[in-house]
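*Asks:*
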């Protein structure tokens, strides 16, 4: 008799604790899926930024006069982009870059523009165009584009020799 | 007679066990649903991303080549680049081949030419076509479009379409799909002063529009894609402008559960400018 009664098993409290632990695991996995969606969104954003960087380089190649007179060197924009006046090609190109990097006038979802994430006004996320005339070779004019992406820690460079 | 007390579970214990079992089964079912949905939205977004990258790189490559005329090419190279409104809803009815396609009003039609060798020249066209299949209609009956690419060899001297089932007989020719599920496709040409050029064509009567071909300096492409499946629980209102403010272009307002993204690319048309 005694032998039979002393059979060991899980008590109800033990099984409840077990359930809670499994529940916590589920919550963690649920958060993981949200993270997966976020990272796909980020990769879409990076893909767009890739094309935008290409746009800037193409525009620089299409405007060698400004590149030679180091006109592009003045373009140094942060999160708070502002359009500037001017009717020259250079001014229009600057405004175009500003608009496109802001994704202005493209797609509006539930009355909000999809603007790329920007964390702070300070040096995070910045585009900086540098004229490298005479740096590589005194006869060549090159332009370098510096991109600070993400939270401003990752730097990307793109370069082109214009003339 | 004595009954031996057999050790077992009481009714309460059994009930509690059932409740716990049901709760955990429900949790598994609920999270299966969530995983499934999030997998679908991740897969759809990834598809859109790679589709846009492929399409835009292909268009950019063609744009950079646009207008290239080989130095040994004997024929004239006056056909360079063209942009038209796709609004004519032209119906091409290849009854013999049982093939139909529709161009979509409001979106753009891009065509360009370049030499692939000293003797060969190709014309490449990009435009949206509506899917024929009714099961691909969106919830409000709106057609679904795809971006098509059409290649014509030697368009002026000996035109031959490339994408055909029988190339030699030129039968069953149809443009091929390069991007599925497209909501909008816009092309903007700008001249060397950054001003927009509206009429640029090689197949038209207006001499200004023909001359405008040589003034094109930069081409901008807007491509808005939608996800293959509905991935949102609630309706969302999407406004697609895809053009500089206050200019021409199609403005669409769509309310549905699809995800949409606009991809933008711009190219310097070096071969036209250097012509």
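Chains as they are written, first to last, in my numbering: chain F, 1358 to 1520; chain L, -10 to 264. Glycine residues also receive a C-beta, built at the ideal position from the N, C-alpha and C atoms. On a predicted model such as this, the values are computed, not experimentally measured, just so you know.
Using a Cβ-Cβ distance cut-off of 7 Å, determine whether residue 240(L) contacts chain F.
*Replies:* Looking up residue 240(L) in the second chain gives position 251. Nearest CB-CB separation between residue 240(L) and chain F: not below the 7 Å threshold.
*Asks:* Would residue 1518(F) pass as an interface residue toward chain L - the criterion being a Cβ-Cβ separation below 7 Å?
*Replies:* As a working mapping, residue 1518(F) is identified with position 161 in the first chain. Chain L contact via Cβ: absent.
*Asks:* What does the Cβ neighbour count give for residue 51(L), buried or exposed, with the cut at 16 atoms within 10 Å?
*Replies:* Here residue 51(L) refers to the residue found at position 62 of the second chain. Residue 51(L) should be labelled buried.
*Asks:* Which residues in chain F sit within 8 Å of residue 195(L), going by Cβ to Cβ distance?
*Replies:* By 1-based counting over the second chain, the position of residue 195(L) is 206. Here the premise fails: no neighbours, minimum Cβ distance about 26 Å.
*Asks:* Quick one, are the C-beta atoms of residue 118(L) and residue 98(L) less than 7 Å apart?
*Replies:* The residue given as residue 118(L) occupies position 129 in the second chain. The residue given as residue 98(L) occupies position 109 in the second chain. No.
*Asks:* To the nearest angstrom, report how far apart residue 26(L) and residue 1513(F) are at their CA atoms.
*Replies:* Reading the second chain from its first residue, position 37 is the one you call residue 26(L). Reading the first chain from its first residue, position 156 is the one you call residue 1513(F). Cα to Cα, residue 26(L) sits roughly 34 Å from residue 1513(F).
*Asks:* Using the C-alpha atoms, what's the distance from residue 34(L) back to residue 1398(F)?
*Replies:* Start at 1 with the first residue of the first chain, and residue 1398(F) comes out as number 41. Start at 1 with the first residue of the second chain, and residue 34(L) comes out as number 45. Annotation: residue 1398(F) to residue 34(L) spans about 8 Å, alpha carbon to alpha carbon.
*Asks:* Please list the partners that residue 1408(F) has in chain L, where partner means a Cβ-to-Cβ separation under 7 Å.
*Replies:* As a first step, residue 1408(F) is located in the first chain; it is residue number 51 there, counting from the start. The answer, in chain order, is 45, 252, 253, 254.
*Asks:* In three-state DSSP terms, what is residue 109(L)?
*Replies:* As a first step, residue 109(L) is located in the second chain; it is residue number 120 there, counting from the start. Per DSSP, reduced to three states, the secondary structure at residue 109(L) is coil, with no helix or strand assignment.
*Asks:* If we call anything under 7 Å between Cβ atoms a contact, is residue 37(L) one with residue 250(L)?
*Replies:* Looking up residue 37(L) in the second chain gives position 48. Looking up residue 250(L) in the second chain gives position 261. Yes, these two residues count as a Cβ contact at 7 Å.
*Asks:* At least one CB of chain L closer than 7 Å to the CB of residue 1359(F): is that the case?
*Replies:* Numbered from its first residue, the first chain carries residue 1359(F) at position 2. Because residue 1359(F) sits at a pLDDT of 49, beneath the cut-off of 50, its placement in the model cannot be relied upon, and the point is left open.
*Asks:* Identify every residue that forms a DSSP beta bridge with residue 185(L).
*Replies:* Numbered from 1 along the second chain, position 196 holds the residue referred to as residue 185(L). In the DSSP output, where bridge partners are listed per residue, residue 185(L) has 179(L).
*Asks:* Figure out for me which residue from 153(L), 176(L), 67(L) has the closest Cα to the Cα of residue 115(L).
*Replies:* Translated into the one-based positions of the second chain, residue 115(L) becomes position 126. Looking at the Cα atoms, 176(L) is the closest of the given residues.
*Asks:* According to a CB-to-CB cut-off of less than 9 Å, which residues of the region 183 to 208 of chain L neighbour chain F?
*Replies:* 183, 184, 206, 207
*Asks:* Go ahead and pull the three-state DSSP assignment for residue 192(L).
*Replies:* Position 203 of the second chain, counting from 1, holds the residue named residue 192(L). Here residue 192(L) sits in coil by DSSP.
*Asks:* Count the CB pairs spanning the region 158 to 165 of chain L and the region 217 to 226 of chain L that are closer than 8 Å, and state whether there are at least three.
*Replies:* Short answer: they don't touch.
*Asks:* Below 8 Å on C-beta distance, what does residue 1433(F) contact in chain L?
*Replies:* Residue numbering aside, residue 1433(F) sits at position 76 when the first chain is read from its first letter. Within chain L, no residue comes near residue 1433(F); the closest Cβ sits about 20 Å away, beyond 8 Å.
*Asks:* Taking the alpha-carbon of residue 1383(F) as reference, which of 9(L), 8(L), 11(L), 24(L) has the nearest alpha-carbon?
*Replies:* Position 26 of the first chain, counting from 1, holds the residue named residue 1383(F). The candidate whose alpha carbon is nearest that of residue 1383(F) is 24(L).
*Asks:* Does residue 37(L) come out as helix, strand or coil in the three-state DSSP assignment?
*Replies:* Translated into the one-based positions of the second chain, residue 37(L) becomes position 48. It is helical.
*Asks:* Quick one: is residue 70(L) buried, meaning 16 or more other Cβ sit within 10 Å of its Cβ, or exposed?
*Replies:* As a first step, residue 70(L) must be located in the second chain, where it is residue number 81. Residue burial annotation: residue 70(L) is buried, with at least 16 other C-beta atoms found within 10 angstroms of its C-beta.
*Asks:* Give me the chain F residues within the contact set of residue 34(L), using Cβ-Cβ distance strictly less than 9 Å, ordered along the chain.
*Replies:* Translated into the one-based positions of the second chain, residue 34(L) becomes position 45. Neighbours of residue 34(L) on chain F, chain order: 1394, 1397, 1398, 1400, 1401.
*Asks:* Mind checking if residue 1463(F) is an interface residue toward chain L, Cβ cutoff 7 Å exclusive?
*Replies:* Counted from its first residue, the first chain places residue 1463(F) at position 106. Residue 1463(F) counts as touching chain L.
*Asks:* Is the number of C-beta pairs between the region 1439 to 1456 of chain F and the region 180 to 193 of chain L that are closer than 8 Å three or more?
*Replies:* yes
*Asks:* When you compare the region 1414 to 1432 of chain F with the region 55 to 71 of chain L, are there three or more beta-carbon pairs, one atom per stretch, that lie closer than 8 Å?
*Replies:* Touching, no, given that fewer than three Cβ pairs across the two stretches are closer than 8 Å.
*Asks:* Could you list which residues in chain F have their beta carbon closer than 9 Å to that of residue 163(L), in chain order?
*Replies:* Stepping through the second chain from its first residue, residue 163(L) is reached at position 174. Those within 9 Å of residue 163(L) in chain F number zero; the least Cβ separation is about 29 Å.
*Asks:* Closest to residue 57(L) by C-alpha separation, out of 12(L), 3(L), 113(L), would be which residue?
*Replies:* Locating residue 57(L) in the second chain gives position 68, counting from the first residue. The residue with the shortest Cα to Cα distance from residue 57(L) is 113(L).
*Asks:* Nearest-angstrom Cα distance between residue 1433(F) and residue 139(L)?
*Replies:* The residue you call residue 1433(F) lines up with position 76 of the first chain. The residue you call residue 139(L) lines up with position 150 of the second chain. Each residue's Cα considered, the two are about 41 Å apart.
*Asks:* Tell me which residue opens and which closes the beta strand (DSSP E) that residue 1390(F) is part of.
*Replies:* The residue given as residue 1390(F) occupies position 33 in the first chain. Counting along the chain, residue 1390(F) falls outside any beta strand (DSSP E), though it belongs to the alpha helix (DSSP H) covering 1369 to 1418.
*Asks:* Does the beta carbon of residue 1390(F) come closer than 7 Å to any beta carbon on chain L?
*Replies:* Here residue 1390(F) refers to the residue found at position 33 of the first chain. Yes, residue 1390(F) lies at the interface with chain L (some Cβ there is under 7 Å from its Cβ).
*Asks:* According to DSSP, is residue 1486(F) helix, strand or coil?
*Replies:* As a working mapping, residue 1486(F) is identified with position 129 in the first chain. Here DSSP, grouped into helix, strand and coil, assigns residue 1486(F) to strand.
*Asks:* Step through the CB atoms of chain L and report whether any lies within less than 7 Å of the CB of residue 1371(F).
*Replies:* Looking up residue 1371(F) in the first chain gives position 14. With a threshold of 7 Å between beta carbons, residue 1371(F) makes no contact with chain L.
*Asks:* List the residues of chain F that residue 257(L) touches, going by C-beta distances under 8 Å, in chain order.
*Replies:* Taking the first residue of the second chain as position 1, residue 257(L) is located at position 268. The contacting residues are 1415, 1416, 1418, 1419.
*Asks:* Count the other CB atoms, across all protein chains shown, that sit within 10 Å of the CB of residue 44(L); report buried if there are 16 or more and exposed otherwise.
*Replies:* Indexing the second chain from 1 puts residue 44(L) at position 55. When all chains shown are included, residue 44(L) counts as buried.
*Asks:* Applying a beta-carbon distance threshold of less than 9 Å, which residues of chain L neighbour residue 1383(F)?
*Replies:* Stepping through the first chain from its first residue, residue 1383(F) is reached at position 26. Ordered by position in chain L, the residues that pass the 9 Å Cβ test against residue 1383(F) are 16, 17, 19, 20.
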